[in-house]
DNA sequence: CTCGTGAGTGATTGGTCAATCACTTGATGG
DNA sequence: CCATCAAGTGATTGACCAATCACTCACGAG
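Protein chains in written order, with the numbering used here: chain A, 1 to 194; chain B, 1001 to 1194.
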């Protein structure tokens, strides 16, 4: 094993890798229809050990979701630093570009979609609210934009989720063009081929 | 064959009521975690009979989804007739008002959210694409709006879904106000209390 | 009456999955 | 050399669920 690492105990390090696996696997099939065994297999540990690292399935899902929103905020900050001092609309535009780049692999985005559909589980609803609150507050204070500008920013983010979920960027029909016109989109780089 | 009764054979009539139940019940807990037995119970028939009326669970879900999008288009048409001859932006605004009224009970909206999260089932993905295509095409041709106007219309529809899912209309915090500002919202009338 | 048919159900099957528990292994230190 | 503790697993339990099938019941036609 790769012991002798001081800061994280091996169990904490394992938790980190399991959360990373959870993001990938939950993003594919959602909360209810993803068995813990699928996450365990992806992380190359036994299902039983997942339950030693997390008290229940929902706790693992929430941990994955929290990290997801953290990565989003990091990406927004990234876009903002590139446009320091510019008008709010320009800062928000740069944030949008960073976000578009971030969700190129679809995992962070699909996890959000699945989380929003699983809000009948109280812990998940709470985590999504927390995440949206953080993202909205950050976008507003960091860009200095008006509420209406921030609202528009979030609305088009949601539209972007729909377009990606349905894979509409390649559809060559009038209605699809209306929806995708001007929306930034990074072509998905090929995923794992197991 | 059938007695020339009213319009529908009893089995077809049953199918209609089961689809209505399916909208309500699938809207609450989604595709994967809603057992057919829950729909059957709501429709007051046995689970076995549901499978005589529909070949598989996914077929019932798709039937519910199709009816959902049909009801949406009917509502949009309703808004449009009230603003005939006016500018596209006004027609779209009226459509938005009709839509806000339609989803007051949350079922039609939550069903869409759950469907968008269940797009890993090909039949469901196809049904959602079909529905979004119809709604977008209808909004564009009936209002005569530009692609950009229609895109904005759909984007704010998606934002509305997020707000309703998270129940943000009553949240008294700055970030929540930014998101809900100016979004029409009909207070949910009390549901069933069994 | 009785035959045929469509409506509707009970019971079962085969499978999946969250969660638990008893167990093994390996490293560390006295 | 042994005691201890963390890492990690196999096996099992108990519940749930999609789908199937054999069955009953009511009713109209001949």
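C-beta atoms are modelled at their ideal positions from N, C-alpha and C, and glycine is treated no differently. None of these values were measured; they are calculated from a predicted model.
- In this structure residue 178 (chain A) is buried. Its beta-carbon is surrounded by 16 or more other beta-carbon atoms within 10 angstroms.
- Counting along the chain, the unbroken alpha helix (DSSP H) around residue 151 (chain A) starts and ends at 147 to 166.
- Exposure of residue 1182 (chain B) is indicated by the presence of fewer than 16 other C-beta atoms within 10 angstroms of its C-beta.
- In the three-state reduction of the DSSP assignment, residue 1086 (chain B) falls in the coil class, being assigned neither a helical nor a strand state.
- Take residue 1184 (chain B), set aside five residues on each side of it, and the residues of its chain with a beta-carbon closer than 7 Å to its own are 1096, 1097, 1100, in chain order.
- With fewer than 16 other Cβ atoms from the protein chains shown falling within 10 Å of its own Cβ, residue 170 (chain A) counts as exposed.
- In the three-state DSSP reduction, residue 44 (chain A) falls in the coil class, being neither helix nor strand.
- For the region 96 to 127 of chain A, the set of residues with a beta-carbon nearer than 8 Å to any beta-carbon of chain B comprises 113, 114, 116, 117, 118, 119, 120, 125, in chain order.
- In this model, residue 1138 (chain B) and residue 1082 (chain B) are separated by some 16 Å (Cα to Cα).
- In the DSSP assignment, residue 137 (chain A) falls within the unbroken alpha helix (DSSP H) covering 122 to 143.
- The beta carbons of residue 1065 (chain B) and residue 1133 (chain B) sit about 13 Å from each other, so the pair does not count as a contact at 8 Å.
- Among the CB atoms of chain B, one or more fall inside 8 Å of the CB of residue 147 (chain A).
- Taking 8 Å as the upper bound for CB-CB distance, residue 1054 (chain B) and residue 1063 (chain B) are in contact here, some 7 Å apart.
- A straight-line Cα-Cα distance of about 20 Å links residue 1144 (chain B) and residue 1069 (chain B).
- For a cut-off of 8 Å, the C-beta gap from residue 1041 (chain B) to residue 1106 (chain B) is around 20 Å, too long to register as a contact.
- Shown here, residue 184 (chain A) sits in coil according to DSSP, grouped into three states, outside any helix or strand.
- Between residue 1027 (chain B) and residue 1111 (chain B), the C-beta gap is smaller than 8 Å, which places the two residues in contact.
- With a 10 Å radius around the Cβ and a threshold of 16 neighbouring Cβ atoms, residue 1080 (chain B) comes out buried.
- Assigned with DSSP and collapsed to three states, residue 174 (chain A) falls in helix.
- Using a Cβ distance threshold of 8 Å, residue 166 (chain A) and residue 1128 (chain B) count as a contacting pair.
- Between the C-alpha atoms of residue 36 (chain A) and residue 50 (chain A) there is a straight-line separation of about 8 Å.
- Taking C-beta atoms as the reference points, residue 163 (chain A) and residue 180 (chain A) count as a pair closer than 8 Å.
- Shown here, residue 99 (chain A) sits in a helix according to DSSP, grouped into three states.
- Contact check for residue 67 (chain A) against residue 23 (chain A) passes: the beta carbons are separated by less than 8 Å.
- Closest in C-alpha terms to residue 92 (chain A), from the list A:130, A:147, A:118, A:52, comes A:147.
- Taking a C-beta distance under 8 Å as the contact criterion, residue 1025 (chain B) and residue 1017 (chain B) do not qualify as a contact pair.
- Under the 8 Å criterion on CB atoms, residue 1087 (chain B) is classed as non-interfacial with respect to chain A.
- Think of a sphere of 8 Å around the beta carbon of residue 177 (chain A): the chain B residues whose beta carbon falls inside it are 1147, in chain order.
- Within the region 1048 to 1070 of chain B, no residue has its Cβ closer than 9 Å to any Cβ of chain A.
- Residue 31 (chain A) and residue 61 (chain A) have their alpha carbons spaced roughly 7 Å apart.
- Within the same chain, and ignoring the five residues on either side of residue 38 (chain A) in sequence, the residues whose Cβ sits closer than 6 Å to its Cβ are 25.
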